[in-house]
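Data block below; observations after.
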């Protein structure tokens, strides 16, 4: 029968996340430095609109848009949204 030492188990469980993070940092250090990709409208900009609610139905995602500017509802048309932001957005 295995006998567990609870205080040692608690220390091990508390140290486990730190050890895993340390191991991943060491493993990542072995890889060559990667070139950072340029920002993507679909991956980097659209999520900001979504989180802020800009492309929701009560804001610029409505059928009429808001204050003269319109986005696709919930970002379904990323290419069209890009064109509207870059070329049609007032200001």
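Residue numbers (my numbering): 7 to 97. C-beta atoms are modelled at their ideal positions from N, C-alpha and C, and glycine is treated no differently.
Assign residue i to one of two classes, buried (16 or more other C-beta atoms within 10 Å of its C-beta) or exposed (fewer than that).
| i | result |
| --- | --- |
| residue 95 | exposed |
| residue 55 | buried |
What are the start and end residues of the alpha helix (DSSP H) that includes residue i?
| i | result |
| --- | --- |
| residue 70 | No alpha helix (DSSP H) holds residue 70; DSSP gives it neither H nor E. |
| residue 88 | 84-89 |
| residue 95 | No alpha helix (DSSP H) contains residue 95, which DSSP labels as neither H nor E. |
| residue 57 | 52-58 |
Considering only residues of the same chain and omitting the five flanking positions on each side of residue i, which have a CB-CB separation below 7 Å?
| i | result |
| --- | --- |
| residue 47 | 84, 88 |
| residue 86 | 78 |
| residue 64 | none |
Beta carbon of residue i, beta carbon of residue j: below 7 Å?
| i | j | result |
| --- | --- | --- |
| residue 66 | residue 77 | yes |
| residue 52 | residue 81 | yes |
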